[in-house]
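Taken in sequence, the protein lines are chains A and B. Residues are numbered in this note's numbering as their position in the first sequence, beginning at 1, plus a constant of 179. Residues are numbered in this note's numbering as their position in the second sequence, beginning at 1, plus a constant of 2. Glycine residues also receive a C-beta, built at the ideal position from the N, C-alpha and C atoms. As structure tokens, the structure follows; a few thoughts come after it.
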Amino acid sequence: MATEVRADEAKEQELAAEIAGLDALEAHLGTRPGRARMLWSVAWPKLAAIVLALGAWQAIVWTGWREEYRLPGPDRVLPALFDLLGEGTFWTAVSITMRRAVTGYALALVIGSVIGLAVARVRLLRSAVGSLVTGLQTMPSIAWFPLAILLFGLTEQAIMFVVVLGAAPSIANGLIAGVDHVPPLMLRAGQMIGAKGIGLYRHVILPAALPTFVGGLKQGWAFAWRSLMAGELLVIVASRPSIGDRLQFTRESLNADEMLALMVVILVIGIFVDTVFGRADVTLRRRRGLIDAST
Amino acid sequence: MTITDTAPTALGTATAISLRGVSKAFGHGGSAVVALEGINLKVSRGEFVCLVGASGCGKSTSLNLIAGLDRPTIGEVTVNGRTALMFQEAALFPWLTVRDNVALPLRLAGVGRAERHRRADDLLEKVHLGGQGGRRPHELSGGMRQRVALARALAQDAEILLMDEPFGALDAMTRDLLHDELEQVWSSTGLTVVFVTHNVREAARLSDRIVLLTSLPGKVADEFPVTIARPRRIDSPEVMGLAAAVTDRLRAEVRRHGD
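Next comes the structure, spelled out in structure tokens:
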């Protein structure tokens, strides 16, 4: 009896060793290059592109196509940009603009998610408003402004209204597409291990939909930012200095140096937030093995 | 038609699964496809049964009926105990770590965090994946993923394990080791296993009884009790001899469709 037990144990150990050996052979993790090297390999093409763009811009200015007070070169705009960065009123404008962006985007996030989830879940709602949501996405947000001004006057609400209408459809669509494309096998596995109703949404459907949803969030941000800039140019709220209304003011005062400097600021903020979403997307996909670990 | 989930009194405690006169048709009228017809099958508690057949024999349909994912058109399915189901793909959730995948059924059942982590780690140990709990599914090989899926199925505290060609996509060497492992888990837990495969040798290697199904419609064509002593090897003469006999019978069935 005792020898039989020992034989069983020996056999089990043997199996464990064989399995461990096979695992070690099959599951090899790729090595990733060092952080500094990765940063450099990402950064240098971007830096090169910026240098090229500045060069082309300066070259156009040098051809004398337009007077320098109308089209100044980087040699004038960059100092104007540094002056701006040292100015207190500029930062007030940036903070008001960013507060609008964050509030508007947060509202769009809530509204877009609720609508997206409702449309994804309820069949009747989908056939009723599903294509309308996509249709709204193609509507240029600036076309909403006349109505917004009529409804709310030259107020913060008018701007918010358009920002939300610009961003919410993309966010809703991202969520709908994500929920639609959950692999049926995942659903079956989820049901099999006892997930149903809200639990199925919380633990299976929504996590599975997340990468597509993040794509929608990213696109939503781009629309929100564009709508906000259009809004700040058109709807100038008294005693609320913003990037947009400052841009409008530079045109009126023929201050092209500062105008272009402000445009650089708008571009940089847009790119920066987009990069944050991009990073989130890549991290998410890498963790799920949806992209090669070395990218 | 009645479906009873847990009715130990009606069945007696020795029977885990009973299908009586079960037929299943998909679609309606003239275009209806009969997947199963008049199936009678009884599986005892703790028994390891393999369902073997060619394509279209309704193997997966039978499992879905037993798992309660589908209902029979005619007949009675009685299942005495909770079921867990494994597929050919591991179907792990890529956003969770290996440990959290195994712990999810426990979480859904309301088990606390510390307790479910402890149990998940124990189960991973059992399928020889101790220490791998922090990894992501995509970092594992196909065989390892199937073992995580097995651990996840065991986490459901089911008495009946249904397996739908779980090792069909694995290479022969990995499959052999997984046979050993499954046998070990089965003999140490007293699970009832219904294992669907088209690999006759695999069936002879693993099961107590092989049930051969015909195709379109699926009916029970024959049954082969497997009395070869355990532990077995897939390349032992006894296993290969039985597999040859079952294969001959299976081929005779397939030939009928060519006529």
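Requested in this report: Over the uninterrupted alpha helix (DSSP H) stretch that includes E240 (chain B), give me the two end residues.
Outcome: Note, E240 (chain B): alpha helix (DSSP H), 239–260.
Query raised in the report: What number of angstroms, rounded off, separates the C-alpha of R255 (chain A) from the C-alpha of I470 (chain A)?
Result: 43 Å
**Report entry** Limits of the alpha helix (DSSP H) - the one that T17 (chain B) falls within
**Finding:** Here T17 (chain B) belongs to no alpha helix (DSSP H); instead the beta strand (DSSP E) covers 17–28.
Query - Proximal residues, the segment 359–374 of chain A versus chain B, C-beta separation under 9 Å - result: P362, L364, M365, R367, A368, G369, Q370, M371, I372, G373, A374
Query raised in the report: Which of helix, strand or coil does DSSP assign to M277 (chain A)?
Result: helix
**Report entry** Rounded separation between I68 (chain B) and T17 (chain B) - CA only
**Finding:** 13 Å
Query raised in the report: Under 8 Å between the Cβ atoms of E185 (chain B) and L208 (chain B)?
Result: Taking 8 Å as the Cβ cut-off, E185 (chain B) and L208 (chain B) qualify as a contacting pair.
Query - Touch test, the segment 55–66 of chain B against the segment 350–359 of chain A, Cβ-Cβ under 8 Å, three pairs minimum - result: no
Requested in this report: Verify the CB distance criterion: does D7 (chain B) have a CB-CB separation below 8 Å to chain A?
Outcome: Note that D7 (chain B) scores 48 on pLDDT, short of 50, meaning its location in the model is unreliable; the coordinates nonetheless yield the value given after this. So, not an interface residue.
**Report entry** Helix, strand or coil at R214 (chain A) [DSSP, three-state]
**Finding:** helix
Query raised in the report: Can you name the start and end residues of the alpha helix (DSSP H) that V45 (chain B) belongs to?
Result: First-last for V45 (chain B): 35–46, but that is the beta strand (DSSP E), not the alpha helix (DSSP H).
Query - Buried versus exposed call for S432 (chain A) [16 or more other C-beta atoms within 10 Å across all chains shown] - result: exposed
Query raised in the report: In three-state terms, what does DSSP make of E78 (chain B)?
Result: strand
Report task. Return helix, strand or coil for E335 (chain A), following the three-state DSSP convention. Result -> In the structure shown, the three-state DSSP call for E335 (chain A) is helix.
Query raised in the report: Of all the alpha helix (DSSP H) runs that stay within the bounds of the segment 198–224 of chain B, which reach a length of 4 or more residues?
Result: 202–208
Query raised in the report: Where does the unbroken alpha helix (DSSP H) through F451 (chain A) begin, and where does it stop?
Result: 435–466
Query raised in the report: If you run the structure through DSSP and keep just helix, strand and coil, what is L371 (chain A)?
Result: The identity of residue 371 (chain A) in the sequence shown is Met, whereas the question assumes Leu. It is helical.
**Report entry** G55 (chain B) beta carbon near the ligand COA (any heavy atom closer than 7 Å)
**Finding:** In the structure on display, the ligand COA does not appear, and there are no ligands present to speak of.
Report task. From the DSSP output, in three-state form, read off V228 (chain B) for me. Result -> coil
Report task. Compare the C-beta of Q186 (chain B) with all C-beta atoms of chain A and state if any pair is closer than 8 Å. Result -> yes
Query raised in the report: Just reading off the beta strand (DSSP E) that L164 (chain B) is part of, what are its end residues?
Result: Looking at the DSSP string, the run of the beta strand (DSSP E) that includes L164 (chain B) is 162–166.
Query - Neighbouring residues, chain A, relative to F169 (chain B) (Cβ below 8 Å) - result: In chain order: nothing, as chain A lies at least about 14 Å away.
**Report entry** Positions along the segment 135–147 of chain B whose CB lies within less than 9 Å of some CB in chain A
**Finding:** R137, R138, P139, H140, E141, L142, S143, G144, G145, M146
**Report entry** Residues that T176 (chain B) contacts on chain A, provided the C-beta gap is smaller than 7 Å
**Finding:** L201
**Report entry** Span separating the alpha-carbon of A259 (chain A) from that of S310 (chain A)
**Finding:** 46 Å
Query raised in the report: Straight-line CA distance for I172 (chain A) to G132 (chain B)?
Result: No answer is possible for residue 172 (chain A): the residues shown for chain A start at 180 and end at 474.
Query raised in the report: Nearest to I384 (chain A) by alpha carbon, out of A:A228, A:R300, A:G423?
Result: A:R300
**Report entry** 3 or more residues per run - each beta strand (DSSP E) lying fully within the segment 61–114 of chain B
**Finding:** 76–81, 85–88
**Report entry** Residues within the segment 247–278 of chain A neighbouring chain B, beta-carbon criterion of under 8 Å
**Finding:** none
Requested in this report: Measuring only between beta-carbons, confirm whether L548 (chain A) sits less than 8 Å from chain B.
Outcome: In the structure displayed, chain A extends from 180 to 474; residue 548 (chain A) sits before or after that span and is not available.
Report task. Would you mind working out which of B:V81, B:G40, B:L110, B:G77 sits nearest Q158 (chain B), comparing C-alpha positions? Result -> B:L110
Query - Beta carbon proximity, R154 (chain B) to chain A, threshold 8 Å - result: yes
Query raised in the report: Can you list, in chain order, the residues of its chain whose CB lies under 7 Å from that of L13 (chain B), leaving out five sequence neighbours each side?
Result: The pLDDT assigned to L13 (chain B) is 49, lower than 50, so where the model puts this residue is not dependable; a value taken from the coordinates is nonetheless given after this. Excluding residues within five positions, the ones whose Cβ falls inside 7 Å are S20, T80, N82.
Requested in this report: Between the Cα of T199 (chain B) and those of B:R47, B:G32, B:R73, B:M88, spot the shortest distance and give me the residue it belongs to.
Outcome: B:M88
**Report entry** Coil, strand or helix - T242 (chain A) by DSSP
**Finding:** coil
Query raised in the report: R214 (chain B) CB to nearest chain A CB: under 8 Å?
Result: For clarity, residue 214 (chain B) is Leu in the given sequence; the question names Arg instead. Output row for L214 (chain B): interface = no.
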